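Going line by line, the protein sequences match chains A and B.
With the numbering used here, you'll find the first sequence wraps up at 373, consecutive numbering, no jumps.
With the numbering used here, you'll find the second sequence wraps up at 1763, consecutive numbering, no jumps.
The structure under discussion appears below in the form of C-alpha cells.
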Amino acid sequence: MLEYTQRIRDIARKLLEKGAVDVFIGYKKGSVPMMNEPILIQDPTEVDLLHWDSHCGLNLCNYLTKRTDRIGIVANGCNSRNIVTHIIENQIKREQLYIVGIPCTGMIDHRAVKRAVANREILEVKEENSALTVIGKGFQETLNKKDFLQTNCSVCLHSNPVEYDEMVAEPVREQENLSPFKDVEAIEKKNPEEKQKFFTQLISSCIRCYACRNACPLCYCSTCFVDESRPQWVGKSIDPIDTMTFHILRAYHCAGRCTDCGACERVCPVGIPVRQFTKKLNKDAHELFGWEAGLGSDQRPPLDVYRVDDYNDFIK
Amino acid sequence: MIKKVFSKQDWVKVLEGLREDFKVFVPVKEGDLHNFRLLENDRKPSFDFQNSRLSPKSVIFPQSERMFEYSLEEGKEDAHVIKEAPKDFSPQVIAGIRPCDAFGFQLVRINFDNPQYQDPLWVQRMESTTFVGLGCNEPCASCFCTSVGSGPFGEKGLDAIMYDLGDCYLLRSITSKGESLLEKVKLGMEAEDATVRKALDLPKAAEKKIFSKVSTDKLKEKNVNELFNAPFWERVSFSCINCGTCTYLCPTCWCFDIQDEVSGKEGDRIRNWDACMFPLFTLHGSGHNPRDQKFQRVRQRFMHKLKYYVDKYGNGVACVGCGRCVQFCPVNIDIREVAGLMNNY
Chain A
58 MLEYTQRIRD
68 IARKLLEKGA
78 VDVFIGYKKG
88 SVPMMNEPIL
98 IQDPTEVDLL
108 HWDSHCGLNL
118 CNYLTKRTDR
128 IGIVANGCNS
138 RNIVTHIIEN
148 QIKREQLYIV
158 GIPCTGMIDH
168 RAVKRAVANR
178 EILEVKEENS
188 ALTVIGKGFQ
198 ETLNKKDFLQ
208 TNCSVCLHSN
218 PVEYDEMVAE
228 PVREQENLSP
238 FKDVEAIEKK
248 NPEEKQKFFT
258 QLISSCIRCY
268 ACRNACPLCY
278 CSTCFVDESR
288 PQWVGKSIDP
298 IDTMTFHILR
308 AYHCAGRCTD
318 CGACERVCPV
328 GIPVRQFTKK
338 LNKDAHELFG
348 WEAGLGSDQR
358 PPLDVYRVDD
368 YNDFIK
Chain B
1419 MIKKVFSKQD
1429 WVKVLEGLRE
1439 DFKVFVPVKE
1449 GDLHNFRLLE
1459 NDRKPSFDFQ
1469 NSRLSPKSVI
1479 FPQSERMFEY
1489 SLEEGKEDAH
1499 VIKEAPKDFS
1509 PQVIAGIRPC
1519 DAFGFQLVRI
1529 NFDNPQYQDP
1539 LWVQRMESTT
1549 FVGLGCNEPC
1559 ASCFCTSVGS
1569 GPFGEKGLDA
1579 IMYDLGDCYL
1589 LRSITSKGES
1599 LLEKVKLGME
1609 AEDATVRKAL
1619 DLPKAAEKKI
1629 FSKVSTDKLK
1639 EKNVNELFNA
1649 PFWERVSFSC
1659 INCGTCTYLC
1669 PTCWCFDIQD
1679 EVSGKEGDRI
1689 RNWDACMFPL
1699 FTLHGSGHNP
1709 RDQKFQRVRQ
1719 RFMHKLKYYV
1729 DKYGNGVACV
1739 GCGRCVQFCP
1749 VNIDIREVAG
1759 LMNNY
C-alpha cells in the first residue's frame, strides 16, 4: 500500500490547487512506530506531509462531522462505509466531499506486533509489500503482514471503498469464505452467568477515558449520555456497574451503524477488545435484517425504518 | 545510608515479608502491560518492564474515592449529616516506581499540599507511603526525563532506589523513611564497594540512551497571551478526539471532580479523576462552557503543563518526561513537538 502515498499527495495537490476542495484530510507519518496522525491540509505546498501505510487504523470520518466546507478525504473500505453512514445520518453532505478511495489490504494490529517481539521496545517498523521489518534495540525481525492484521481487518469483506470520486489504485480482491462472527458465536454459547463474567472480566481494566467512544465516527452526539448531568444516567466513578453500563449502552447506540472499522479497539490505552460488544450487534443486524452498515446511501438503516418483512410480529 | 544487595528471588521474598507491616504496591503484568497493584496472595510482582501503562498516581490519589457518606432517611438522627467515609491510611510501600513517576508526586505536591491548602487524603497517603524506586537501565525512546528536571535514576521523591545489576538488586536508602524500611528487612547482604561502584555507573550509561530532548528553556520568558493566541493551536488540536488517555496516564495530571451518588436513601460523595479534555470539565451550571471548542481544551492541557505552571510556581514544567502520552495518545499528539512549538514561538 506504500505506493498510495504519492498518489494521495498528487490528488490532494491537484484538488487544493484548483480549489475543488477547501481542505484535505488524510494521515501524516507518526512520531512513534505504528502510529499515524490525522492531518488537515489547506495549503497545497504541504501535501507532502500526507502519508499512507498499514498503520492508518483511525477512522477519518470522525473529522467530517458537521463540517460546512468542501473536503477531500482518503477513505478505505470501512472509512467509506462510515462516510456513507454519516451522509445517511445528515452529518455531512455527499456534494461537500471528494473521496479518494483506498483499496485496503488491512491495518496492522500494533499489539500483536509488540507481542511477537515479546513486548520489547520497538523503535521502527518498516513495511515493504507484504513484509514488516520490526527493529528494536538489539533485534530485528521480519514478519508477514497478513499474520498481524487487526482482527477486524482479518475478517473484513469490504476492503475496497463503497463510495469514492477517484481511486488511488485498482481495487484489491475482496476476502471470501470468512466466518466473521466466530468469536461472537463462542460468547453466544455461554449461559447468562458466564456472559456476565466474560464481559465483567473484559472491561475490568477500563479507566473510563472514553477513547473508544471518541475514536468512533458514530459517536457524534453533542452531549453523550454519560456526560448528561440532568438527569445523570450513569455514575462517573470506576464502579464496575457504571463502567459496564457505559460499554453496553455505547455498543447499543452503534447497533446497525457499526462498520467494524476497529478504531475503538485500536485506541484503547489498556488494550480492551471492545469490539466484542459491537460485533454481536453487527451479527444481529446481519441475521435479523440482512444489513451491513454503510454499503449504500439509498437504504435507510434497519433501526430507523418500517418494513413489512420485519422479523417481529408486533410490528405488522 | 544503607546499601544492601538482594538476589532477585530474595527481593520478591522481601516484598512478601513487608506485607506484614505494609500494603505493598508492585508492578504486575496484566496481559501485555504492567500496572501497579496491591501485592496479594495470587499476585506476583514483575520488574521486567520499561514503565507501567498507568503511572502509580492512583495509589496516592485513587481514580475514584469515597470521601463522605450520608443518609437521607428523615427518621434517622444523623439524616443529612455528611460524615467522613472510612479510609485506610495505614503504612504502604510502592516498590519499583520509576524515578519519573516518583518525581511526579513532588510536582503535584504544590497543588495538594501548600501553605494555603492541604488535601487531607493526599497528604495522609503521602505520609504513609515509602517510595522505593527502580532506576531505568533502558529508558524508552519516548522518554525525555532528563529534559525536565529528572533522570533515569533521579532521586527526587524517592525514599530508596533499586539498581538492577542483572542477577541482583542493589538497594540504597535515600531518606530516613527508606532507611527504616531497609532496616526491617532480614534478607540481603551488605553491598561490597565494587558492587556499589557498578551500580553508580548505571545512571550515566542510562542517560546516554535518552535521545528524546525537549526544549523548555524559553517558556518562562514568553508572553502568556501571545502563546495563548498563537496560531498553531488549531493545527495541534485537529486530530485530538478529546479522550482522557493523556490525562489519565499522566503522573502529574491532578484534576478531579466531586460527585454525589445516592442509592435509595443512602448517599456517597465521591471524588473522581477528571480531564480537561472533556467538554464537561468546564461546563458551568448556567449552560455556558468557556472551553467548548476542542482547540481550547487541547491548548489548556499544554498551557497548564508548560506555561501556567511554569509562571505560577517558578518550578519548571509540570511534566516528568515519562513519555506515556507520547506513546499512547490514540492520534499521536506529541508533547515533545508541542513543547518545541511553544518554546520557539
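Every residue gets a Cβ at the ideal spot worked out from N, C-alpha and C, and that includes glycine.
Please read these numbers as outputs of a predicted model, since none were measured by experiment.
- When rounded, the separation of the alpha-carbon atoms in residue 346 of chain A and residue 262 of chain A is 34 Å.
- Proximity to residue 1467 of chain B across B:1423, B:1519 and B:1554 peaks at B:1554, based on C-alpha coordinates.
- 8 Å or more divides the Cβ of residue 1477 of chain B from the Cβ of residue 1500 of chain B.
- Residue 1501 of chain B carries a strand assignment under DSSP once its states are collapsed to helix, strand and coil.
- The Cβ atoms of residue 218 of chain A and residue 93 of chain A lie no closer than 8 Å to each other.
- One thing to note: residue 1724 of chain B has its Cβ within 8 Å of the Cβ of residue 1760 of chain B.
- If you draw a straight line from the Cα of residue 1648 of chain B to the Cα of residue 320 of chain A, it comes to about 31 Å.
- Residue 1470 of chain B is classed as buried because its beta carbon has at least 16 other beta carbons within 10 Å across all chains shown.
- The alpha-carbon separation between residue 74 of chain A and residue 101 of chain A amounts to approximately 6 Å.
- Residue 1491 of chain B: not part of any alpha helix (DSSP H); DSSP gives it neither H nor E.
- Counting of Cβ neighbours within 10 angstroms places residue 1631 of chain B among the exposed residues, the total staying below 16.
- Per DSSP, the beta-bridge partners of residue 1511 of chain B are B:1442 and B:1548.
- Segment contact: the region 158 to 174 of chain A against the region 234 to 243 of chain A, fewer than three CB-CB distances shorter than 8 Å; contact not assigned.
- Between residue 1607 of chain B and residue 1423 of chain B a beta carbon distance of about 5 Å is seen, short of the 8 Å cut, so the two are scored as contacting.
- Secondary structure of residue 1650 of chain B (DSSP, three-state): coil.
- A direct Cα-to-Cα measurement between residue 1582 of chain B and residue 1737 of chain B gives close to 25 Å.
- Residues of the region 163 to 178 of chain A that bring their beta carbon within less than 7 Å of a beta carbon in chain B comprise 168, 171, 172, 176 and 178, in sequence order.
- Not one beta carbon of chain A lies nearer than 8 Å to the beta carbon of residue 1634 of chain B.
- The beta-carbon of residue 1469 of chain B is placed no less than 8 Å from the nearest beta-carbon of chain A.
- The beta-carbon of residue 1739 of chain B is placed no less than 8 Å from the nearest beta-carbon of chain A.
- Contact between the region 286 to 302 of chain A and the region 256 to 276 of chain A is present, with at least three C-beta pairs closer than 8 Å.
- At least one beta carbon of chain A lies nearer than 8 Å to the beta carbon of residue 1481 of chain B.
- DSSP, read as helix, strand or coil, puts residue 137 of chain A in helix.
- Taken in chain order, the members of the region 1444 to 1469 of chain B whose beta-carbon sits within less than 8 Å of a beta-carbon on chain A are 1448, 1449, 1450, 1451, 1453 and 1468.
- The Cβ atoms of residue 1573 of chain B and residue 1592 of chain B lie closer than 8 Å to each other.
- Distance check between residue 1482 of chain B and each of B:1537, B:1669, B:1687 and B:1451 places B:1687 closest, using alpha-carbon atoms only.
- Closer than 8 Å to the CB of residue 1755 of chain B there is at least one CB belonging to chain A.
- Taking C-beta separations shorter than 6 Å and ignoring five residues to either side along the sequence, the partners of residue 190 of chain A in its chain run 183 and 199, following chain order.
- With a threshold of 16 other beta carbon atoms within 10 Å, residue 355 of chain A falls short and is exposed.
- Residue 1473 of chain B sits buried, since 16 or more C-beta atoms from the chains shown fall within 10 Å of its C-beta.
- From the listed residues A:90, A:107 and A:332, the smallest Cα separation to residue 70 of chain A is found for A:107.
- A Cβ-Cβ distance of about 5 Å is found for the pair residue 129 of chain A and residue 72 of chain A, placing them in contact under the 8 Å criterion.
- Put simply, the region 77 to 87 of chain A does not touch the region 242 to 258 of chain A. Fewer than three CB pairs are less than 8 Å apart.
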